[in-house]
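**Q** To convert, take the position in the sequence shown, counting from 1, and add 137; that gives the numbering used here. C-beta: ideal position from N, C-alpha, C; glycine also.
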Amino acid sequence: MYDHIGLKVSNIDASVRFYTAALAPLGYVMCSRDDSGAGFGPKGEPALWLYLHKGPAGAGAHIALRAPDHAAIRKFHSEGVKAGGRDNGAAGARADYSPTYFAAFLIDPDGNNVEAVCA
Numbered sequence: 138m139y140d141h142i143g144l145k146v147s148n149i150d151a152s153v154r155f156y157t158a159a160l161a162p163l164g165y166v167m168c169s170r171d172d173s174g175a176g177f178g179p180k181g182e183p184a185l186w187l188y189l190h191k192g193p194a195g196a197g198a199h200i201a202l203r204a205p206d207h208a209a210i211r212k213f214h215s216e217g218v219k220a221g222g223r224d225n226g227a228a229g230a231r232a233d234y235s236p237t238y239f240a241a242f243l244i245d246p247d248g249n250n251v252e253a254v255c256a
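1) Alpha carbon to alpha carbon, what distance is there between residue 229 and residue 184?
2) For residue 253, report the span of its beta strand (DSSP E) as first-last.
3) Could you tell me which uninterrupted beta strand (DSSP E) segments, each at least 3 residues in length, are contained entirely in the segment 150-229, listed from first to last along the chain?
4) Can you tell which of 240, 144, 188 and 151 has its C-alpha closest to the C-alpha of residue 219?
5) Can you tell me whether residue 241 is helix, strand or coil according to DSSP?
6) Might you give, ordered along the chain, the residues of its own chain that have their beta carbon closer than 7 Å to the beta carbon of residue 245, omitting 5 neighbours on each side?
7) Using C-beta distances below 8 Å, list every residue in its chain close to residue 231, excluding the 5 sequence neighbours before and after it, in chain order.
8) Can you name, in chain order, every residue of its own chain whose Cβ lies under 8 Å from the Cβ of residue 200, other than the five neighbours on each side?
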């Protein structure tokens with residue numbers, strides 16, 4: 138349904154550092170970067186765009202990214218925390234979502250809830 142998503146960020150360098158580390162285990166790379174933004178996705182196909190925004194902070198968004206397996210989700214969580222993200226739910230089964238739902242959650246430098254999921 139969606140072609141791409143854009144998030145407003147207050148510090149492009151901190152956000153690029155976080156997303157580069159957290160998304161690498163999921164197979165996503167930085168596809169584009171300039172002083173006002175960056176795009177991440179499969180190589181050559183940016184689908185998550187970060188836009189530098191100097192205004193007031195928003196309420197935060199929730200995005201969920203598909204992961205290839207449980208190991209990638211564990212690494213997403215650990216690498217994201219090392220790169221400045223905050224834990225919002227360690228990697229594990231979420232049977233209340235569905236019997237096979239496995240996910241981890243991080244809060245990015247701008248307060249967005251970022252999830253890696255394998256269902």
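**A** Concretely, from the data shown:
1) What you label residue 184 is simply residue 47 of the sequence shown in a count that begins at 1. What you label residue 229 is simply residue 92 of the sequence shown in a count that begins at 1. Going by the C-alpha atoms only, they are around 26 Å apart.
2) On the sequence shown, position 116 is the one that residue 253 refers to. Residue 253 -> beta strand (DSSP E) spans 250-255.
3) With a minimum length of 3 residues, the continuous beta strand (DSSP E) runs that stay inside the segment 150-229 are 166-171, 174-178, 185-189 and 199-203.
4) Position 82 of the sequence shown, counted from the first residue, corresponds to residue 219. Cα-wise, what sits closest to residue 219 is 151.
5) Taking the sequence shown and counting its residues from 1, the one referred to as residue 241 is at position 104. Strand, per DSSP.
6) In the sequence shown, counting from the first residue as 1, residue 245 sits at position 108. Excluding sequence positions up to five before and after residue 245, its CB lies within less than 7 Å of the CB of 152, 155, 222 and 251, all in the same chain and listed in chain order.
7) Counting from 1 along the sequence shown, the entry for residue 231 is found at position 94. Same-chain partners within the cutoff: 238, 239 and 240.
8) Position 63 of the sequence shown, counted from the first residue, corresponds to residue 200. Cβ contact annotation for residue 200 (same chain, cutoff 8 Å, sequence separation greater than five): 142, 144, 185, 249, 250, 251 and 252, in chain order.
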